[in-house]
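In our numbering, the protein residues as written are 363 to 525.
Written below as structure tokens is the structure these notes are about.
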């Protein structure tokens, strides 16, 4: 039953993140996702993400950072990725939205991990390619799985397919 609960919670978080991304910039400039990836024998969240994105064999990471205060740091670290290039309010309103959304996201994450042990929380940036999205991954590592929250700046990718 716990597996179903975590999948349901992460699916709900995925939809919420997708909705938040629509507040940022032009349509399709930014995207955000949440998913669960199994940790294999090496217990590496980098390997779990690479396995999840098997169609991207060149996926590499730079700027790997273990968040020392775990989930407490995560709430603050995700804020800049929420409501980027907001066109419907000033900086104060944007800041309030970022704070509110990060609180709601953390609430969803805490529901998802209820009863699980968090081993570490890691922030990874995908090494950007000129014609791809700039992606940042936040990994909540559990004993056998990792919950991944992914934020993308898709502007370079969109421009490259426009030609």
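Backbone N, C-alpha and C fix where the C-beta goes; we use that ideal spot for every residue, glycine too.
Of 434, 420, 370, the smallest CA-CA separation from residue 500 is found for 434.
Counting other Cβ atoms within 10 Å of its Cβ, residue 493 stays below 16 and is therefore classed as exposed. Along the length of the segment 383–433, whole alpha helix (DSSP H) runs at least 4 residues long occupy 407–414, reported in chain order. In this structure the segment 441–453 touches the segment 375–386; the number of beta carbon pairs closer than 8 Å is three or more. Counting the other Cβ atoms within 10 Å of the Cβ of residue 522 gives fewer than 16, which makes it exposed. Going by DSSP, residue 464 is part of the alpha helix (DSSP H) stretching over 453–475. Its chain contains 408, 486, 487, 488, 489 as the residues whose beta carbon lies nearer than 7 Å to that of residue 423, once the 5 sequence neighbours on both sides are disregarded; these appear in chain order. Non-local beta-carbon contacts of residue 425 in its own chain, meaning distances under 6 Å to residues more than five positions away in sequence, involve 487 in chain order.
Beta bridge pairing from DSSP links residue 497 with 514. Contact between the segment 449–461 and the segment 503–511 is not established, with fewer than three Cβ pairs separated by less than 8 Å.
Within a 10 Å sphere around the beta-carbon of residue 379 sit 16 or more other beta-carbons, which makes this residue buried. Spanning the alpha carbons of residue 371 and residue 399 requires a straight line of approximately 14 Å.
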